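Per the numbering used here, the sequence shown runs over residues 6 to 329.
For glycine and all other residues, C-beta sits at the position ideal for the given N, C-alpha and C.
Just so we're clear, the structure is a prediction, and the values are computed from it rather than from any experiment.
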Amino acid sequence: MHFHSDRFGRIAPTEITPQAVYESRRDWLRLMAGGAAGAALAGWAGREALAQSAAKLPGAKSALPGALTMEKPTSFKDASTYNNFYEFGTDKADPARAAGTLKTRPWTVAVEGEVGKPGLFDLDALLKLSPMEERIYRLRCVEGWSMVIPWVGYSLAELIKKVEPTSKAKYVEFVTLADKAQMPGLRSGVLDWPYTEGLRIDEAMQPLAMLAFGMYGEVLPNQNGAPVRLVVPWKYGFKSAKSIVKIRFVEKQPVSSWTRAAAQEYGFFSNVNPKVDHPRWSQATERRIGEDGLFAKKRPTLMFNGYEAQVGQLYAGMDLKKFY
Ligand SMILES: Nc1nc2c(c(=O)[nH]1)N[C@H]1C(S)=C(S)[C@@H](COP(=O)(O)O)O[C@H]1N2
Ligand SMILES: [Mo]
């Protein structure tokens with residue numbers, strides 16, 4: 006068995022004994038019950054791994070139904086060193102190693118297409134657009150692993166309302182940064198760059214869909230999609246585009262980078278669904294990152310990643326095997 010220890014030589018609590026696992030979980034639940042999610046996070050293992058220079062970005066606990074899972078957050082260390090950000094390489098460890106070259110300021114997000122108020126939003130304007138909230142979301146990667154991450158940001162709907170979509174705005178496309186000078190992974194042809202993603206407008210307006218600027222009370226590490234990314238918790242992780250530079254409102258369903266690369270495997274909707282398998286593997290269960298020790302069991306994957314009560318009606322009457 007491989008023990009993960011942090012840079013102070015401590016072994017992660019999940020890897021010591023079943024009793025220790027139980028104790029740490031009980032402490033977590035007690036803190037949550039006391040409403041002290043922030044305090045619990047502050048003391049959480051791996052927190053020390055935060056760069057000393059990382060800027061604080063606090064958020065008030067979200068009041069949105071479903072926005073604060075009771076599950077124990079993944080350690081900051083795991084969430085910031087096990088990443089998918091192909092612009093910086095395809096290995097899970099590549100983004101943490103290589104994303105230091107990403108220049109996150111100055112940064113603008115262009116809003117284009119079917120909107121009454123198109124324009125260029127400076128990062129500072131985006132940071133001030135709506136109050137910051139902390140939301141603890143499950144993130145389920147299509148590859149079969151998941152994490153629990155406390156994000157800081159606000160509903161994408163807040164930005165959408167400001168730009169006044171026209172009646173032709175049926176879909177929203179997200180375009181992310183593609184700069185060869187900053188992103189060594191662009192040399193690889195694994196995807197068509199820039200990385201693009203899309204949502205139907207009603208999905209984009211669902212309040213759980215989030216524009217995130219931070220996590221664990223700090224600004225986003227570059228490898229997690231700084232300075233601004235999408236987090237759509239009921240969809241597979243690849244829908245949550247990182248380092249967004251453009252948001253386009255369009256009439257026709259956009260084709261995302263992953264659909265373009267393998268349409269049979271990655272559809273437009275990509276809702277987390279344990280009953281619709283990936284053509285090459287089952288989606289019925291998942292491995293929670295940080296629980297990969299001797300006693301870890303696979304977890305059952307939940308319909309819409311556990312957000313069915315909030316988002317299920319968006320797909321009423323749709324054949325989810327066809328619209329995967
Ligand atoms: N621009 C961009 N965004 C991206 C990706 C990527 O390669 N490039 N990977 C996606 C995938 S597959 C996942 S699972 C999540 C991972 O987010 P995290 O590293 O913050 O956990 O980011 C998504 N957003
Ligand atoms: Mo993913």
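For the pair of segments examined, the stretch 252–263 was found to touch the stretch 189–208: the number of CB pairs separated by less than 8 Å reaches three. Restricting attention to beta strand (DSSP E) runs no shorter than 3 residues, the stretch 281–319 encloses them at 290–293, ordered along the chain. In chain order, the residues positioned with their C-beta nearer than 7 Å to some heavy atom of ligand 2 are Asn-89, Cys-146, Val-147, Glu-148, Tyr-241, Gly-242, Phe-243. Only residues of its own chain outside the window of five on either side were considered, and among them Leu-62, Gly-64, Met-137, Trp-156, Val-157, Gly-158, Leu-225 have a CB closer than 8 Å to the CB of Gly-219, listed in chain order. Of all alpha-carbon atoms in Ala-162, Lys-173, Tyr-221, the one lying nearest the alpha-carbon of Lys-77 is that of Tyr-221. In the DSSP annotation of this structure, the continuous segment of the beta strand (DSSP E) that includes Val-250 starts and ends at 249–255.
Nearest neighbour of Ala-231 by Cα position, chosen from Ala-217, Ile-252, Asp-129, Asp-96, turns out to be Ala-217. With 16 or more other Cβ atoms inside 10 Å of its own Cβ, Glu-178 counts as buried. In the three-state reduction of the DSSP assignment, Arg-110 falls in the coil class. Nearest to Pro-123 by alpha-carbon distance, out of Asp-207, Leu-196, Ala-60, Thr-171, is Thr-171. Burial is judged here by how many other beta carbons sit within 10 angstroms of a residue's own beta carbon; Phe-243 has at least 16 and is buried. Residue environment: Phe-300 is assigned as exposed (fewer than 16 neighbouring CB atoms within 10 Å of its CB, all protein chains considered). Taking one beta carbon from each stretch, the stretch 79–87 and the stretch 181–188 have fewer than 3 pairs nearer than 8 Å; the two do not touch. In this chain, the alpha helix (DSSP H) harbouring Asp-129 covers 128–133. Around the Cβ of Pro-238, a 10 Å sphere holds 16 or more other Cβ atoms; the residue is buried. For Met-152, the CB contacts under 6 Å within the same chain, skipping 5 residues up- and downstream, are Thr-79, Ala-84, Leu-144, Ile-294 in chain order. Short of 8 Å from the beta carbon of Glu-169, and not among the five residues preceding or following it, lie these beta carbons of its own chain, in chain order: Val-120, Gly-121, Lys-122.
Under the 10 Å beta carbon count, Trp-286 is surrounded by fewer than 16 other beta carbons and is classified as exposed. Assigned with DSSP and collapsed to three states, Val-168 falls in helix.
Annotation: the continuous beta strand (DSSP E) that includes Ala-217 extends over 215–220.
With a contact defined as Cβ atoms closer than 8 Å, Ala-214 and Ser-262 miss out at about 19 Å. Shown here for Lys-326: same chain residues with a beta carbon closer than 6 Å to its own, the five before and five after excluded, namely Val-281 in chain order.
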